[in-house]
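Start counting the sequence shown at 7; every next residue gets the next number (this note's numbering).
Beta carbons are placed, not taken as given, at the ideal position from N, Cα and C, and that holds for glycine.
Here's the structure, in structure tokens; my notes come after.
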Amino acid sequence: MKLFTRYNRINVIASILIFLIGCVAFYFVISYVLVRQLDKTLHNEQTEILQYSKEHNALPEILNTTDQQIVFEPTTKLLQKPKYASYKLWDEKDKDMEWVRNLTFTVNLSDKIFKVTVTKSQMETEDLLTLILYVAISMVALIIIANFIINRMVLQKLWQPFYATIGSIEQYQLSKKTATQLPDTTVDEFNLLNNSFNSMAKKVEHEYEMLKEFTGNAAHEMQTPLAVISNNIEALMQDELVLKNQHQVIAIIEQSVSRLSRLNQSLLLLTKIENHRFELNEVVKWDTLLTQKLAELAELLTAQKLQITIDTIPVTTLFHHHLADIIISNLLNNAIRYNVANGSISIQLHINQLTISNTSLMPSLDTEKIGSRFYRHSATKPDGNGLGLSIIKQICDVAGYQFIYTYEQSQHHFAIVF
């Protein structure tokens, strides 16, 4: 859930609860005020009746109306203080029960006591209270809706720098040296985020450059010792006495040096590709290059009894001959190395895609890790260094090509989308 959505949900729920509680409290406060106002009117009627009785020693004449009725009843009990009460009374006119408020008190005339009941209708009070309540609820609803709309508009505008920062971070690619300098904003928190990312990006770029420089220098410096070791191994192999007694040890050393040499060459190649040492301005005829590579590997294909299926058309792109040669060589070598006896290799070259498929006993590769350096499946042969597919992936990234791997019907499919 987005932060904006969560904030809006909490804000709306809190506002509704607060306004509901406020409306209930407002209802009772207004009800109390209106009833007290009605009681004041009843008290005024009591004052007038008591004053008239005192001056004339008689009860006043009564003119009852729809909203007010006064009833005099003889009694023997003198009330100590007036009593206010609200209750429902049947209204003959409206044929409904209506709320009324009455005041009961006693009047002492000579030797007679009269109970006086003044009753006033509460309908106007109830109608006014209902109207006020409706207005309050309407205002609350309008405030909540307006608050939601304003928050949505304002917050979306306020959060625009944040989403711009996220977009820049998503587009940032360290290997492509994408320049990223997030701008300042009017919000301090976003400025802190942008400045922190800018600082982090500079540190990462610096360390990445140092790491690439170290890798390139290390691979370059390893060439001379490897050449020396290789030459000395060849010299030892020329000595029949040494070869006779230590041929297994020499074979192991030669194999290890060969693997180390291939690893060194692969690391140097990756460094050159990352540093954009290759100009992609050469016309490459992919169909011609495929034909040449298949001719070079013809004996190996025949030895393993592999069936080749070729479906190609002439395809030309602006690329680099050496890099194209590396892509095709690595894909074909993998297809041969990990194939099965009497297996098959399928080569398809269309206008915008090259696909090389092969049968194999190996299960599907990890699509998340394929193309990562030194990734090797557990069933991979030990003479590999895990850099073949990584080199292809790196070349495709530099050229803007897409490297796709799929596994269907016990076949591995490697596709280069131009």
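Problem - Helix, strand or coil at Leu324 according to DSSP, with G and I counted as helix - result: Walking along the sequence shown from the start, residue 324 turns up at place 318. Of the three classes helix, strand and coil, the one that applies to Leu324 here is strand, per DSSP.
Exercise for the section: Give the C-beta separation of Ser366 and Asn345 to the nearest angstrom, bearing in mind that I take them to be a contact with Cβ-Cβ under 8 Å. Expected result: Counting from 1 along the sequence shown, the entry for residue 366 is found at position 360. Counting from 1 along the sequence shown, the entry for residue 345 is found at position 339. That pair is a contact at about 6 Å.
Practice task
Check whether the Cβ atoms of Leu232 and Ser267 sit closer than 7 Å, and answer yes or no.
Solution key: Residue mapping note: residue 232 aligns to position 226 of the sequence shown, counting from 1. Residue mapping note: residue 267 aligns to position 261 of the sequence shown, counting from 1. It is a contact, given that the beta carbons lie within the stated cut-off.
Handout entry: Candidates Ile55, Asn157, Arg107 and Val106, of which the one nearest Val15 by Cα
Key = Within the sequence shown, the letter at position 9 stands for residue 15. The residue you asked about is not Val; residue 15 is Arg in the sequence shown. Minimum Cα distance to Arg15 is reached at Asn157.
Exercise for the section: Figure out for me which residue from Gln177, Thr192, Thr171 and Glu219 has the closest Cα to the Cα of Ser202. Expected result: As a first step, residue 202 is located in the sequence shown; it is residue number 196 there, counting from the start. Comparing Cα-Cα distances from Ser202 to each of Gln177, Thr192, Thr171 and Glu219, the minimum goes to Thr171.
Problem - Helix, strand or coil at Phe424 according to DSSP, with G and I counted as helix - result: Taking the sequence shown and counting its residues from 1, one reaches residue 424 at position 418. Phe424: coil per DSSP, three-state reduction.
Exercise for the section: From the DSSP output, in three-state form, read off Trp292 for me. Expected result: Residue numbering aside, residue 292 sits at position 286 when the sequence shown is read from its first letter. Three-state result, Trp292: helix.
Practice task
Flag this pair as touching only if the stretch 19-38 and the stretch 128-147 have three or more C-beta atom pairs under 8 Å; answer yes or no.
Solution key: yes
Handout entry: Spatial distance of Asp168 from Glu176 (CA atoms)
Key = By 1-based counting over the sequence shown, the position of residue 168 is 162. By 1-based counting over the sequence shown, the position of residue 176 is 170. Checking the displayed sequence, the identity of residue 168 turns out to be Phe instead of Asp. Spanning the two alpha carbons is a distance of roughly 12 Å.
Problem - Residue environment, Thr373, which counts as buried when at least 16 other CB atoms sit within 10 Å - result: For the purposes of this step, residue 373 is taken as the residue at position 367 of the sequence shown. The residue in question, Thr373, is exposed, as its Cβ has fewer than 16 Cβ neighbours within 10 Å.
Exercise for the section: Report the residue from Tyr38, Ala330, Phe424 and Glu285 whose alpha carbon sits nearest the alpha carbon of Leu296. Expected result: In the sequence shown, counting from the first residue as 1, residue 296 sits at position 290. Of the candidates Tyr38, Ala330, Phe424 and Glu285, the one whose C-alpha sits nearest the C-alpha of Leu296 is Ala330.
Handout entry: Glu285 (DSSP reduced to helix, strand or coil)
Key = For the purposes of this step, residue 285 is identified with residue 279 of the sequence shown, where counting begins at 1. Glu285: coil per DSSP, three-state reduction.
Problem - Extent of the continuous alpha helix (DSSP H) run through Tyr178 - result: Mapped onto the sequence shown, residue 178 falls at position 172. Element bounds for Tyr178: n/a, residue is neither H nor E.
Problem - Spatial distance of Ser127 from Leu139 (CA atoms) - result: Counted from its first residue, the sequence shown places residue 127 at position 121. Counted from its first residue, the sequence shown places residue 139 at position 133. The straight-line gap from Cα to Cα measures roughly 20 Å.
Exercise for the section: Identify whether Asn358 lies in helix, strand or coil by the three-state DSSP scheme. Expected result: As a position in the sequence shown, residue 358 is number 352, starting the count at 1. In the structure shown, Asn358 sits in coil (DSSP, three-state: anything other than H, G, I, E or B).
Practice task
Helix, strand or coil for Gln166, going by three-state DSSP, please let me know.
Solution key: Sequence index remark: in the sequence shown, residue 166 carries index 160 (1-based). Helix at Gln166.
Exercise for the section: Within the same chain, show all residues whose beta-carbon is closer than 7 Å to that of Asn36, passing over the 5 residues directly before and after it, in chain order. Expected result: Looking up residue 36 in the sequence shown gives position 30. First, the residue type needs correcting, since residue 36 is Ile and not Asn in the sequence shown. Closer than 7 Å at the Cβ level, and outside the excluded window around Ile36, lie Leu135 and Ile138.
Handout entry: Classification of Ala292 by the beta-carbon crowding that lies within 10 angstroms, buried from 16 upward
Key = In the sequence shown, residue 292 corresponds to position 286, counting from 1. Going by the sequence as given, residue 292 is Trp instead of Ala. By the neighbour-count rule (16 or more Cβ atoms within 10 Å), Trp292 is buried.
Problem - Three-state class that DSSP yields for Asn108 in the structure shown - result: Counted from its first residue, the sequence shown places residue 108 at position 102. Of the three classes helix, strand and coil, the one that applies to Asn108 here is strand, per DSSP.
Practice task
For His458, count neighbouring C-beta atoms within 10 Å of its own C-beta (all shown protein chains included) and say buried if the count is 16 or more, exposed if not.
Solution key: The shown model of the chain, from 7 to 424, leaves out residue 458, and the question about it has no answer.
Problem - Residues bridged to Pro80 (per DSSP) - result: Within the sequence shown, residue 80 is the residue found at index 74, counting from 1. In the DSSP output, where bridge partners are listed per residue, Pro80 has Phe120.
Problem - Distance between Ile410 and Gln254 (C-alpha atoms, nearest Å) - result: Your numbering for residue 254 matches position 248 in the sequence shown. Your numbering for residue 410 matches position 404 in the sequence shown. Cα to Cα, Gln254 sits roughly 42 Å from Ile410.
Practice task
In angstroms with no decimal places, state the Cα-to-Cα distance between Asn70 and Val124.
Solution key: As a first step, residue 70 must be located in the sequence shown, where it is residue number 64. As a first step, residue 124 must be located in the sequence shown, where it is residue number 118. Going from the Cα of Asn70 to the Cα of Val124 covers about 10 Å.
Exercise for the section: Would you give the residue range spanned by the beta strand (DSSP E) that Asp317 belongs to? Expected result: On the sequence shown, position 311 is the one that residue 317 refers to. Taken as a continuous stretch (DSSP letters only), the beta strand (DSSP E) holding Asp317 covers Gln313 to Thr318.
Problem - Touching by the beta-carbon criterion (3+ pairs, under 8 Å), the stretch 76-93 and the stretch 101-121 - result: yes
Handout entry: Element boundaries [alpha helix (DSSP H), containing Gln408]
Key = On the sequence shown, position 402 is the one that residue 408 refers to. Note, Gln408: premise wrong, no alpha helix (DSSP H); beta strand (DSSP E) at Gln408 to Glu414.
Problem - Of the listed residues Pro369, Val234, Ala341 and Trp105, nearest to Thr361 (C-alpha basis) - result: Residue 361 sits at position 355 when you count from the first residue of the sequence shown. The candidate whose alpha carbon is nearest that of Thr361 is Ala341.
Practice task
Spell out the partners DSSP gives Asn113 in its beta bridges.
Solution key: Here residue 113 refers to the residue found at position 107 of the sequence shown. Per the sequence shown, the amino acid found at residue 113 is Val instead of Asn. Per DSSP, Phe120.
Handout entry: Where Tyr344 falls: helix, strand or coil (DSSP)
Key = For the purposes of this step, residue 344 is taken as the residue at position 338 of the sequence shown. Reduced to three states, the DSSP call for Tyr344 is coil.
Exercise for the section: Give a yes or no on whether the C-beta atoms belonging to Glu79 and Lys121 are separated by under 7 Å. Expected result: Working through the sequence shown from its first residue, we reach residue 79 at position 73. Working through the sequence shown from its first residue, we reach residue 121 at position 115. Their beta carbons are under 7 Å apart, which means Glu79 touches Lys121 by this criterion.
Problem - Contacting residues, own chain, Cβ-Cβ under 7 Å from Pro66 (five flanking each side not counted) - result: Numbered from its first residue, the sequence shown carries residue 66 at position 60. Correct list, in chain order: Ile55 and Tyr58.
Practice task
Identify the continuous alpha helix (DSSP H) that holds Asp403 and give its terminal residues.
Solution key: Start at 1 with the first residue of the sequence shown, and residue 403 comes out as number 397. Gly394 to Ala405 is the span of the alpha helix (DSSP H), which, as asked, contains Asp403.
Handout entry: Residue closest to Gln229, alpha-carbon to alpha-carbon, out of His62, Val263, Ile258 and Tyr214
Key = As a position in the sequence shown, residue 229 is number 223, starting the count at 1. Looking at the Cα atoms, Val263 is the closest of the given residues.
Problem - Residues that DSSP places opposite Tyr93 in a beta bridge - result: Within the sequence shown, numbered from 1, the residue matching residue 93 stands at position 87. DSSP output for Tyr93 lists Val106 as bridge partner(s).
Exercise for the section: Determine the closest residue to Ile76 out of Arg107, Val290, Gln187 and Ile19, with distance taken between C-alpha atoms. Expected result: On the sequence shown, position 70 is the one that residue 76 refers to. When each option's Cα is compared against that of Ile76, the closest is Arg107.
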